[in-house]
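See structure below.
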Amino acid sequence: MGKIHELSAQVSNQIAAGEVIERPASVVKELVENALDAHATQVRIRVKDGGMSLITVSDNGDGIASDDIPLAFARHATSKIMTGTDLFKIGTLGFRGEALASIGAVAKVTMTTSTQNGLGDTAVVEGGDLVKQEKSSQPKGTTLTVRDLFYNTPARLKYMKSVQTELSHIADIVDRIALGHPDVAFTLVNDTKTMFATVGNKDWRQTIASIYGNSVAQALLPIKGDTLDYRVQGYIAKPEVTRASRNFISLLINGRYIKNYALNKALIEGYGTKLMVGRYPVAVIAVHMDPLLVDVNVHPTKQEVRLSKENELTSLITKLVGAELGQQRLVPNALDNL
Ligand code: ADP
Ligand code: MG
1 MGKIHELSAQ VSNQIAAGEV IERPASVVKE LVENALDAHA TQVRIRVKDG
51 GMSLITVSDN GDGIASDDIP LAFARHATSK IMTGTDLFKI GTLGFRGEAL
101 ASIGAVAKVT MTTSTQNGLG DTAVVEGGDL VKQEKSSQPK GTTLTVRDLF
151 YNTPARLKYM KSVQTELSHI ADIVDRIALG HPDVAFTLVN DTKTMFATVG
201 NKDWRQTIAS IYGNSVAQAL LPIKGDTLDY RVQGYIAKPE VTRASRNFIS
251 LLINGRYIKN YALNKALIEG YGTKLMVGRY PVAVIAVHMD PLLVDVNVHP
301 TKQEVRLSKE NELTSLITKL VGAELGQQRL VPNALDNL
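Okay, structure coming up:
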């Protein structure tokens, strides 16, 4: 008698959740990315207790059809890719079909969704199982309510930091996604208090002002340029406005917020000696490229990517930043005094 058996969907989803859903901010990231993939123009996020007791993400996007609801919560089920070759040209933020299955396995989830104003469904997932699905009436779009995150995974629950720390991770990820999507109105509410809201009127500078404040927004310089493979656009703050950490640099690749040391370094190099030691710029940089040139299938959270021709992109960023700051006269030129 063999001793190998397949794990239940519940257990395999819990294992996947360990990678995809590290903390409340991971839930927020996945749900907001789903909203953007569904073409939402308004995304409202509300959390309680640093997201541990409640996370609600509401969007006015496409909604999910009744028949698709069970599949939405199934692992490796997605509407975003079909074949292996699609992996080389990913145009959406999601594609792994793992987020809802993972969240459903480690939290109590309610979803209301509608593809058409007035008609829709309410679904409840507990312990990874779809325990209820019934017709309900709501506006077009989707609302996911996630309660009691990690209630059934005590080891992960213990690992959570303070409410304040979890909240700051949530605010950080929403900030960065909002910074890269000036065409979408984001609202982040902590319990009943609005932490920030963007208007979604496509005005990038105003979006940055909503998040970093007017003094930063006023110190912004635009950068824009391209090579054969890459198009770079963004805002960098003048060297007078710096921060003590790299956390105020946001990089987006084809609309996806990513972490990339080489690109951060390229930006900082563009500032050259204009940055004091230990000080870092405030910047939002959006890169657009053929999806063929970027592999986002590196890690389940998709925050790490592999770029082909990375050097071409890093030199472009350094050059654009250097050129923009070079035009800015920081100290009077010695010749001016002659
Ligand atoms: P992925 O985003 O990788 O496809 P998810 O588990 O995050 O996987 O979502 C599964 C599917 O559920 C998506 O492919 C999409 O069709 C649907 N979906 C999830 N969230 C939303 C949403 N907010 N609006 C519309 N459809 C959604
Ligand atoms: Mg997703």
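Residues 1 to 338 (UniProt numbering) are what the sequence shown spells out, left to right. Yeah, the Cβ is synthetic: ideal placement off N, Cα and C, and Gly gets one too.
Asked	Found
What are the uninterrupted segments assigned as alpha helix (DSSP H) that are 4 or more residues long and contained completely in the stretch 151-227, given in chain order?	154-159, 163-179, 204-212 and 214-218
Evaluate contact between the stretch 175-190 and the stretch 217-224, counting only Cβ atoms and requiring at least three cross-stretch pairs below 8 Å.	no
Assuming S26 is part of the alpha helix (DSSP H), what are its boundary residues?	P24 to D37
Who are the near neighbours of G18 in its chain, counting only those whose CB is closer than 6 Å to its CB and skipping five residues on each side?	none
Please determine, among G213, M52 and N260, the residue with the shortest C-alpha to C-alpha distance to M160.	M52
Measuring straight from C-alpha to C-alpha, what distance separates V296 and D203?	28 Å
Under 8 Å by Cβ, that's how I've got K140 and T110 pegged, so tell me the actual separation to the nearest angstrom.	With a Cβ gap of about 18 Å, K140 and T110 do not count as contacting.
Do you know how far the Cα of M1 is from the Cα of R176?	53 Å
Going by DSSP, which residues form a beta bridge with L288?	Here residue 288 is His; the residue named in the question, Leu, does not match the sequence. For H288, which the question treats as bridged, DSSP gives the partners R231.
Could you check if L188 belongs to the surroundings of the ligand ADP, using beta carbon to heavy atom distance under 6 Å?	no
Between the Cα of S8 and the Cα atoms of V20, G128 and T122, which residue gives the shortest distance?	G128
Buried or exposed: where does D37 fall if 16 or more other Cβ atoms within 10 Å of its Cβ makes it buried?	buried
Rounded to the nearest angstrom, what separates residue 382 and S245 at their Cα positions?	Absent from the structure is residue 382, since the part of the chain shown begins at 1 and ends at 338.
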